[in-house]
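Notes for the one structure printed next.
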Amino acid sequence: MLDIQSKKVDNAVIINIKGDVDLYSSPQIRKVLLELIQKESPAIFVDLQEVNYMDSSGVATLVEALQRAKKYGGRLFIYHLQGAVQDVFELSRLDKVFQIYPDETEAMKAYHDEN
Amino acid sequence: MLDIQSKKVDNAVIINIKGDVDLYSSPQIRKVLLELIQKESPAIFVDLQEVNYMDSSGVATLVEALQRAKKYGGRLFIYHLQGAVQDVFELSRLDKVFQIYPDETEAMKAYHDEN
Amino acid sequence: MPETLEFMIPAEPKYLKINRLSIKLLCELIGFSTVESNNITLAIDEACSNVIRHAYNGPSKEPIHIKCNIYGNKIEFLIRDFGRKANVDQIKSRELDEIRPGGLGVHLIKTVMDEVMYDTNFEKGNQLKLIKHFKGRK
Amino acid sequence: MPETLEFMIPAEPKYLKINRLSIKLLCELIGFSTVESNNITLAIDEACSNVIRHAYNGPSKEPIHIKCNIYGNKIEFLIRDFGRKANVDQIKSRELDEIRPGGLGVHLIKTVMDEVMYDTNFEKGNQLKLIKHFKGRK
Ligand SMILES: Nc1ncnc2c1ncn2[C@@H]1O[C@H](COP(=O)(O)OP(=O)(O)O)[C@@H](O)[C@H]1O
Ligand SMILES: Nc1ncnc2c1ncn2[C@@H]1O[C@H](COP(=O)(O)OP(=O)(O)O)[C@@H](O)[C@H]1O
Chain A
79 MLDIQSKKVD
89 NAVIINIKGD
99 VDLYSSPQIR
109 KVLLELIQKE
119 SPAIFVDLQE
129 VNYMDSSGVA
139 TLVEALQRAK
149 KYGGRLFIYH
159 LQGAVQDVFE
169 LSRLDKVFQI
179 YPDETEAMKA
189 YHDEN
Chain B
79 MLDIQSKKVD
89 NAVIINIKGD
99 VDLYSSPQIR
109 KVLLELIQKE
119 SPAIFVDLQE
129 VNYMDSSGVA
139 TLVEALQRAK
149 KYGGRLFIYH
159 LQGAVQDVFE
169 LSRLDKVFQI
179 YPDETEAMKA
189 YHDEN
Chain C
-17 MPETLEFMIP
-7 AEPKYLKINR
3 LSIKLLCELI
13 GFSTVESNNI
23 TLAIDEACSN
33 VIRHAYNGPS
43 KEPIHIKCNI
53 YGNKIEFLIR
63 DFGRKANVDQ
73 IKSRELDEIR
83 PGGLGVHLIK
93 TVMDEVMYDT
103 NFEKGNQLKL
113 IKHFKGRK
Chain D
-17 MPETLEFMIP
-7 AEPKYLKINR
3 LSIKLLCELI
13 GFSTVESNNI
23 TLAIDEACSN
33 VIRHAYNGPS
43 KEPIHIKCNI
53 YGNKIEFLIR
63 DFGRKANVDQ
73 IKSRELDEIR
83 PGGLGVHLIK
93 TVMDEVMYDT
103 NFEKGNQLKL
113 IKHFKGRK
């Protein structure tokens, strides 16, 4: 259903998601994110460039990951949001809760500036 | 419904079609083609790169144009067929009736070689 | 018991694309290849175009109803209209070597689908039954 | 008399995308902007997800039926299920400043649509009526 690729860059993990994130597919992302959180991955980057649709179950999955990561001081960055996905975050009033960046370079820069 | 652009190159006309060619939209292409045929345009190039779907009414429109152009010695070239469009021509056994080319360069070359 | 999906549009050409998107995705979801899904979508679209042109004599507010029944080894489409009764003897493709515009829809439907049955025994309108088997699961 | 389209899928998450494609294209065809069409599609999808999760308590072979009535100044969606009767008092969004996963669907539906009415007066199941007006044509 979704095509999820992940790669390690130093101590960060970049996840590329391709497809619609909805009630059908969000459990798939949840699994990937929770595994990383289990391992206390310090920085998780979620590339949403190829996600054209996200529903509230997708947003909920990211909220859950954000909150769990925070507990051990982990960071979650999301970037490259398409129009419809950006809109869901705004409609949910979560666009200020997340660290949303235009692209990978900007997200990486923000992470490195923090450290 | 369809986005149809046309441009003149020497004595040829190149038509770029964007969208699905079906019962709804094929009259739009028919109008453009028949106007060129009315003027006895010597060479009509139809670029189908951005046509992802064509039904039998689209194929019928092209057959009609081909036959009418032939009457005054005009030429009709079609190129850049997407998979589904190529399949309709094959299923209709018209892939041998038309001059179908991979791209504009090849179609132009064939036309110039004829002259 | 099959799994069933249904789609109903008014018999207007502008709505045909809605059915195409649904049918194509459905075919892909249940395991047909991209090419098979494209071809099945073409067949259903041709059947709907024929309903508009022949059963309703042109665009109409009357409905085209498509029922999709998914079985273990095949998908069955029932395309129902409430228009003029078809004369089944007249529903046939032209000779393909006679090159002329038109007369291709029925040929495409019959080439793509495994079974094609017109049923005109309704009080009003017609129903076309189209079946496609999953490859290797006949 | 409105123009009417209908879509019926089994209450399975994998089929939701079929409805999304149909609703999005329909909204665009009748003149909503891309953003409006996306938002309406989101609202309908959230309503269907809630039918699966709350009315049917999870994926089910029972149907979700969507009827779209197009009027001159608005589109009306009737989303019908045949599951457990909803307790309308319980259908509400969480407080948005309380950040936690979930509890967003009803908020999204209410934010996007102009009118949202739950009707539980059916012998079996529920119906949600959602209305969106064309901008400037209220
Ligand atoms: N749904 C239908 N109802 C009545 N007649 C039909 C229907 N579909 C096809 N036909 C008949 O079959 C003929 C062949 O159809 P088709 O192959 O689609 O080509 P065309 O419609 O271009 O002639 C039509 O001319 C028509 O007489
Ligand atoms: N179709 C429905 N049938 C019954 N209850 C519903 C329905 N939709 C929503 N609800 C109720 O409203 C609450 C809020 O729904 P929602 O905002 O979608 O968030 P969530 O489902 O994540 O809790 C649900 O927890 C549920 O109790």
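Residue numbers (the working numbering), protein chains in the order written: chain A, 79 to 193; chain B, 79 to 193; chain C, -17 to 120; chain D, -17 to 120.
Positions of the beta carbon are idealized from the N, C-alpha and C atoms, including for glycine.
Since we're looking at a predicted model, the values are computed, not measured.
In chain D, which residues lie less than 9 Å from Pro83 of chain C when you measure between Cβ atoms? The contacting residues do not exist; Pro83 of chain C stays about 27 Å from chain D at best.
Nearest-angstrom Cα separation, counted from Val129 of chain A out to Gly97 of chain A: 5 Å
Establish whether the CB of Val17 of chain C and some CB of chain B are separated by less than 8 Å. yes
Ile122 of chain B versus Tyr150 of chain B - alpha carbon distance: 13 Å
Which runs of the beta strand (DSSP E) spanning at least 3 residues fall entirely within the stretch 10 to 56 of chain C, listed in chain order? 45 to 52
Quick one: does Lys(-4) of chain D have its CB under 8 Å from some CB of chain C? yes
Chain D contact for Tyr131 of chain A (CB, 8 Å cutoff): yes
So with Cβ pairs under 8 Å, would you call Ile(-9) of chain C a contact of chain B? no
Report the partner residues of Asn94 of chain B according to the DSSP bridge assignment. B:Gln83, B:Asp125
Between Ile73 of chain D and ligand 2, is there a pair consisting of the residue's CB and a ligand heavy atom that are separated by less than 7 Å? yes
Is the shortest distance between the beta-carbon of Ile12 of chain D and the beta-carbons of chain A less than 8 Å? no
Is the CB of Leu112 of chain D under 8 Å away from at least one CB in chain A? no
Within 10 angstroms of its Cβ, does Lys120 of chain D collect 16 or more other Cβ (buried), or is it exposed? In this predicted model, Lys120 of chain D has a pLDDT of only 44, less than 50, meaning its place in the structure is not dependable enough to derive any value.
In the DSSP output, what is Val137 of chain B paired with across the bridge? Its beta-bridge partners do not exist; DSSP assigns none.
Can you name the start and end residues of the beta strand (DSSP E) that Tyr(-3) of chain D belongs to? From DSSP, Tyr(-3) of chain D is part of no beta strand (DSSP E); its letter is neither H nor E.
By alpha-carbon positions, which one of A:Ala162, A:Glu184, A:Thr183, A:Tyr179 ends up nearest to Gly136 of chain A? A:Ala162
Taking one C-beta from the stretch -6 to 3 of chain D and one from the stretch 103 to 110 of chain C each time, how about it: are there three or more such pairs within less than 8 Å? no
Output yes if chain C places a C-beta closer than 8 Å to the C-beta of Ile166 of chain B; else output no. Reading off the sequence shown, one finds Val at residue 166 of chain B, where the question assumed Ile. Cβ-Cβ to chain C under 8 Å: yes for Val166 of chain B.
For Tyr179 of chain B, does the three-state DSSP call read helix, strand or coil? strand
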